[in-house]
Amino acid sequence: MVFTKLARAAVIGAVAASALTLGVTGVMAQDKGKAKPAATEQKQVAGDQKPADIWYKLCIDVPVAEATKPGEQPKQQKPEDLKKVNVCLTQVDVRDNATAILIGKIAVRQVAGQEKPQMLAMLPLGSALPPGALVKVDDKEPIKLAYTTCDQAGCYAEANIEPALIDDMKKGKQIAYLGIDVTGRALSIPLPLEGFAKAIEGQPVPVDKYNSDQQKIAEVIKQRLATLRAQQEAAAKNPQGAAALAAPKK
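Note that the numbering used here numbers the sequence shown so that position 72 is 72, with each residue one more than the last.
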């Protein structure tokens, strides 16, 4: 599947939760100071972060083997002889506030030579697969997505969409991903569409810049996980103090 191959090659990856961080730049910007409460951090992303930092486009040339007729053996081709097809993803990442780990993604995939784009979504492991999922732009008719695969990062769903839906997204205010988790709880993941038009119509983020940003985010994740481990170890040594800190203030 092109989406997962592209994700692993150059695009490393929203979910119903009260604490989410959108975008690549926002993660690094937030990490300059101390960790903030979830509600404060979410407000910063939605209100203060530039829309262009939330939606971004990545493009890569994906090697594709020559198609064969039914019953034919695949032709042996050297990697340098494979035809390359340009694939672009215009997407938004969703990251856990506490750790900055990627927990979700929604994207539009455009493949050179294909008339119809695809809507793609990634949710964490624990999503119920048989019901599938829905993507809804404002008050438009929802689009049903079918789950295709899962890996260690999450589960992926996709569907072909009409180009008219791209126009709706450019003019829209919100896109929502609707699904069900394994406990039967409904998931609703609203994401702002502000900045989507600029991202999909503009130039892609250079891959070297994206990779550099990913390395910085990896350092943020490492630091936050170390902080969480230290807090857990301290709480284990002093359970009464941890309980007092967690207790609501009067």
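Just so you know, even glycine gets a beta-carbon here, dropped at the ideal spot from N, CA and C. Nothing here was measured: the structure is a model prediction, and the numbers come from that model.
Note to self: Below 8 Å, how does it come out for the segment 177-192 and the segment 201-220: are there three or more Cβ pairs, yes or no?
What the structure shows: no
Notebook entry, point to check: In whole angstroms, what is the alpha-carbon distance linking D167 and A199?
Noted result: Residue 167 sits at position 167 when you count from the first residue of the sequence shown. Residue 199 sits at position 199 when you count from the first residue of the sequence shown. Distance between the alpha carbons of D167 and A199: 13 Å.
Next item on the list: Identify which residue in Q152, I106, A112, P79 has its Cα closest to the Cα of G126.
Entry: For the purposes of this step, residue 126 is taken as residue 126 along the sequence shown, with counting starting at 1. Nearest C-alpha to G126: Q152.
Next item on the list: Could you tell me which residues DSSP puts in a beta bridge with N97?
Entry: Position 97 of the sequence shown holds residue 97. DSSP lists no partner for N97.
Item checked: For N160, the first and last residue of its enclosing beta strand (DSSP E) -> On the sequence shown, residue 160 is found 160 positions in, with the first residue counted as 1. Start and end: 155-160.
Notebook entry, point to check: Ordered along the chain, which non-local residues of its own chain (more than five positions away) have a Cβ less than 6 Å from that of Y56?
Noted result: For the purposes of this step, residue 56 is identified with residue 56 of the sequence shown, where counting begins at 1. Result list for Y56: A199, V205, in chain order.
Item checked: As assigned by DSSP and simplified to three states, the class of R109 -> By 1-based counting over the sequence shown, the position of residue 109 is 109. R109: strand per DSSP, three-state reduction.
Check: With distances taken from CA atoms, which of A112, G202, P124, V207 is nearest Y147?
Finding: Here residue 147 refers to the residue found at position 147 when the sequence shown is read from its first residue. Ranking A112, G202, P124, V207 by Cα distance to Y147 puts P124 first.
Next item on the list: Please work out which residues of its chain come closer than 7 Å, Cβ to Cβ, to I221, disregarding the five sequence neighbours upstream and downstream, and give them in chain order.
Entry: Numbered from 1 along the sequence shown, position 221 holds the residue referred to as residue 221. Only T99, A100, I101 meet the Cβ criterion.
Notebook entry, point to check: So which of L82, R109, V182 has the shortest CA-CA distance to P131?
Noted result: Against the sequence shown, residue 131 aligns to sequence position 131. Answer by Cα proximity: V182.
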